[in-house]
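In the numbering used here, the protein residues as written are 70 to 426. Structure first, commentary second.
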Ligand SMILES: Cc1ncc(COP(=O)(O)O)c(C=O)c1O
């Protein structure tokens, strides 16, 4: 198998596009340096075709977690194509914004208002602005990865190892104002005493985390985080940009019966079209009107239209139930391969060619 065209284009890209790509997770060097196809010409279902015409089955998380229904889903695409024909952008607002807000508020019954953005990181920046505005305090306790914005990277200004262990270690805060040092404090998932210590020593106004990532919460971890947030009068933000709509319709938090004050969705809610939603309690979300949070392309129509079509289909097909079943099957398969390997030291066979991992 040859990926000549993709390799050549990747080398050109690195000369004229800093980092070569807009997303760290798409760097060829992270996968198979000198051999990674890097670019796609077509993507449909789970099939991907590269620039040399090689075909692959995508066994990763489908466009970095964005396409749970498969690439170029026909139902979502039908909706998007009709938006293209009737107009994506206008001086007036798109009615889909209201329809989507109602749909999300049915899913998150405890919430009362919704704002939108188009990417996960910016939606988190919006959530942080609203949460800080409501609590009236700057300091944040956080766990996990939440995007590229200053509020998050500022954690690395006081100690460049602060973000280690939070999905992407070693993130450089170059260009982040030094004045933001000591405004964001990391805690480890399932380590409640770390969060307790942070809230005892700092006036924390916002607690931010994913309700789960690679591990399940232990010893009532999420309930305890909720209790600390209530005690400190801090706004609790659940980042469901990656976990959302996989285990439940809505956030994975629904598995544990612990409600946040704000939940943020992006990636999978619109199956490959940019969309992000910040859903929260009315009295908190009202601060989005007092603080200035506004952007032209947050009003385009494809995003909310694609999200409505995606969520509708996920509900109809009960996608999270299917994903949980298939996820378990795949995890069990990997575990069996590992066990067989340990049992049989001569086990060297791999079947990974033409499959993304
Ligand atoms: C939990 C979490 N938050 C935020 C982000 C950032 O989202 P985006 O890449 O859309 O800016 C990601 C992306 O992987 C994520 O997994």
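The beta-carbon is built from N, C-alpha and C at its ideal position, and this holds for glycine as well.
DSSP places residue 377 inside the alpha helix (DSSP H), whose first and last residues are 371-385.
The count of Cβ pairs closer than 8 Å, one atom from the region 161-169 and one from the region 190-207, stays below three, leaving the stretches out of contact. Take the alpha-carbon of residue 118 and the one of residue 77: they are about 16 Å apart. A distance below 7 Å separates the beta carbons of residue 197 and residue 220. Sorting 217, 358, 94, 348 by C-alpha distance to the C-alpha of residue 173 places 348 at the top. Rounded to the nearest whole angstrom, the C-alpha separation of residue 188 and residue 232 is 21 Å.
A residue is called buried when at least 16 other Cβ atoms come within 10 angstroms of its Cβ; residue 161 does not meet this threshold and is exposed. One Cα belongs to residue 372, the other to residue 343, and the distance between them is close to 6 Å. Judged by DSSP in its simplified three-state form, residue 348 adopts strand.
Below 8 Å, enough C-beta pairs join the region 364-379 and the region 145-156 to call them touching: three or more. Pairing residue 142 with residue 340 gives a Cβ-Cβ distance under 7 Å. In terms of CA proximity to residue 227, 253 leads the group 253, 213, 208, 234. Collapsing the DSSP output to three states places residue 389 in a helix. Rounded to the nearest angstrom, the gap between the Cα atoms of residue 359 and residue 352 is 12 Å. Taking C-alpha positions only, residue 156 is separated from residue 238 by approximately 42 Å. Counting the other CB atoms within 10 Å of its CB gives residue 383 a total of 16 or more, which places it among the buried residues. In the three-state scheme derived from DSSP, where H, G and I count as helix and E and B as strand, residue 109 is classed as strand. Following the DSSP letters along the chain, one finds residue 253 inside the beta strand (DSSP E) bounded by residues 253-255. In the DSSP assignment, residue 208 falls within the unbroken beta strand (DSSP E) covering 208-211. Between residue 329 and the set 270, 311, 88, 200, the nearest pair of CA atoms involves 200.
As for any alpha helix (DSSP H) of minimum length 4 sitting wholly inside the region 161-229, the runs are 165-176, 189-204, 219-222, 224-227, ordered along the chain. Using a Cβ-Cβ distance cut-off of 8 Å, the region 292-299 and the region 331-340 are not in contact, since fewer than three pairs of beta carbons, one from each stretch, lie closer than that value.
For the region 279-342, the continuous beta strand (DSSP E) assignments of 3+ residues that do not extend past its boundaries occur at 304-308, 331-334, in sequence order. Residues of the same chain with a CB within less than 7 Å of the CB of residue 89, apart from the 5 flanking positions on each side, are 79, 82, 83, 96 in chain order. In the displayed model, residue 117 falls within a strand according to three-state DSSP. Membership of residue 124 in the beta strand (DSSP E) is indicated by the continuous run 124-127. Taking residue 365 as reference, the option from 245, 378, 158, 130 with the minimal CA-CA separation is 158. Spanning the alpha carbons of residue 306 and residue 73 requires a straight line of approximately 45 Å. Shown here, residue 366 sits in a helix according to DSSP, grouped into three states.
In the three-state scheme derived from DSSP, where H, G and I count as helix and E and B as strand, residue 130 is classed as coil. Secondary structure at residue 153: helix, using DSSP grouped into helix, strand and coil.
Contact between residue 135 and residue 336 is confirmed by a C-beta separation of about 5 Å, below the 8 Å threshold. Closer than 6 Å to some heavy atom of ligand 1: that describes the Cβ of residue 310. Ligand 1 approaches residue 188 closely enough that one of its heavy atoms is under 6 Å from the residue's Cβ. In the three-state reduction of the DSSP assignment, residue 274 falls in the strand class. Looking at the DSSP output, residue 140 sits in a beta bridge with 114.
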